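S.K.:
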Amino acid sequence: MTDQSIQFELERGIARITLNRPDKLNSFTESMHGALAEALTQVEASDARVLVLTGRGRGFCAGQDLSERQMAAGAVDLGDTIERFYAPLVRRLRALPMPVVVGVNGVAAGAGANLALAGDIVIAKQSASFIQPFCRLGLLPDTGGTYVLPRLVGQARAMGLALLGDKLGAEQAAQWGLIWQCVADDAFDARLVELAEHFAAAPTKGLAFTKRAMNQSLGHTLDEQLDMERDLMRELGRTEDYAEGVSAFLAKRQPAFKGK
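Under this note's numbering, the residue at position 72 of the sequence shown is numbered 158, and the numbers go up by one with no gaps.
1) Does the beta-carbon of H119 have 16 or more other beta-carbons within 10 angstroms, so that it is buried, or is it exposed?
2) For V208 and W266, which I take to be in contact (beta-carbon distance under 8 angstroms), what is that distance rounded to the nearest angstrom?
3) Can the beta-carbon of A202 be found closer than 8 angstroms to that of R180?
4) Can you check DSSP and say which residues form a bridge with V129?
5) Residue range of the alpha helix (DSSP H) that A32 falls in?
6) Exposed or buried, M184, counting other C-beta atoms within 10 Å across all chains shown (16 or more means buried)?
7) Curious, which full-length beta strand (DSSP E) runs of at least 3 residues does the region 267-331 contain?
8) In chain order, what residues of the same chain lie with their CB nearer than 8 angstroms to the CB of V234, ignoring the 5 residues before and after it?
9) What do you get for Q302, buried or exposed, if any count of 16 or more other CB atoms within 10 angstroms of its CB means buried?
10) Suppose you measure from the CA of L111 to the CA of V187; what does that come to, to the nearest Å?
11) Tell me which residues share the same chain as L264 and place their Cβ nearer than 6 angstroms to its Cβ, disregarding the 5 neighbours each side in the sequence.
12) Between the Cα of H284 and those of F94, E95 and G99, spot the shortest distance and give me the residue it belongs to.
13) Measuring only the C-alpha atoms, how far is F335 from T290?
14) Given a threshold of 16 other Cβ atoms within 10 Å of its Cβ, counted over all protein chains shown, does V138 qualify as buried or as exposed?
15) How big is the Cα-Cα spacing for C221 and G251?
16) Hey, out of E154, A214, A121 and L96, whose CA is closest to D271's CA?
17) Taking the alpha helix (DSSP H) that E257 belongs to, which residues open and close that run?
18) State the beta-bridge partners of F216 as determined by DSSP.
19) Within its chain, find whatever has a CB closer than 7 angstroms to the CB of R65; leave out the 5 residues flanking it on each side and keep chain order.
20) So what's I103 in DSSP terms, helix, strand or just coil?
21) Going by DSSP in three states, Q90 sits in which element: helix, strand or coil?
22) In or out: G149 buried (at least 16 other Cβ within 10 Å) or exposed?
Written out as structure tokens, the structure reads:
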């Protein structure tokens with residue numbers, strides 16, 4: 087990968103993508119979007135069983151690099167930017183057949199905050215914060231923000247975050263259910279490794295199907311969801327990991343899942 091704004095690693099079933107523009111709080115440029123898309127292509131083609139996404143430096147991601155907008159001549163088509171970059175990014179993360187663990191190491195603002203919320207398990211340093219500053223620019227929360235915020239924290243809190251643009255600390259974000267866990271700063275790196283290693287040894291297909299079912303439940307009736315559970319469980323019942331899980335349970339030993 088020639089663009090160093092994204093760093094990609096793959097080892098022992100763990101794929102790691104690190105946003106790497108620390109001097110700009112990892113804010114997005116078009117070339118950075120391209121590098122991230124390339125990294126996700128590598129994840130999709132690999133034998134990874136978990137993706138860990140985090141940022142380098144004191145911020146996770148400050149959203150769009152607005153200096154790139156200033157350099158553009160004439161009016162900017164923000165809808166085109168969503169269509170080409172942010173929407174495909176969210177869709178790919180939600181569709182990955184593995185858990186996506188997001189480690190919010192610092193401020194997550196704008197599209198950066200909503201990128202974090204596209205993950206499946208989101209943890210944040212105690213010193214981190216989440217900000218929806220779109221209202222200060224005459225915009226609305228993109229990158230899935232208007233979708234996930236009311237579903238995670240309810241309509242009233244989502245409206246407050248979106249219309250006021252106030253900073254939300256990681257501890258309160260966890261209390262509100264916006265993220266999974268707020269972690270002490272000095273324990274953050276170890277917790278991220280712990281989660282990555284846990285999922286790398288887990289029954290990946292079952293987790294992928296759980297992710298799919300949870301995501302699709304938001305638009306399903308109960309009957310539709312019950313039918314989906316039936317169909318997915320039927321397929322999972324034929325997997326090697328299910329057979330191994332049952333065998334390990336009966337033998338009172340730790341299972342050795344292969345992700346198949």
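Ideal Cβ placement from N, Cα and C applies to all residues, glycine included. This one's a predicted model, so the numbers in the text were calculated from it and none came from an experiment.
M.R.: Based on what the coordinates show:
1) buried
2) Confirmed, about 5 angstroms.
3) no
4) Listed as beta-bridge partners of V129 by DSSP are no residues whatsoever.
5) No answer is possible for residue 32: the residues shown for the chain start at 87 and end at 346.
6) buried
7) 267-269
8) N200, L203 and A204
9) Q302 comes out exposed.
10) 20 angstroms
11) So the list reads L238 and V239, once near-sequence residues are dropped.
12) G99
13) F335 and T290: Cα-Cα distance of roughly 18 angstroms.
14) buried
15) 6 angstroms
16) A214
17) A256 to W262
18) Under DSSP, F216 forms a beta bridge with A194 and L254.
19) With the chain covering only 87 through 346, there is no way to say anything about residue 65.
20) Looking at I103 - three-state DSSP - the assignment turns out to be strand.
21) coil
22) buried
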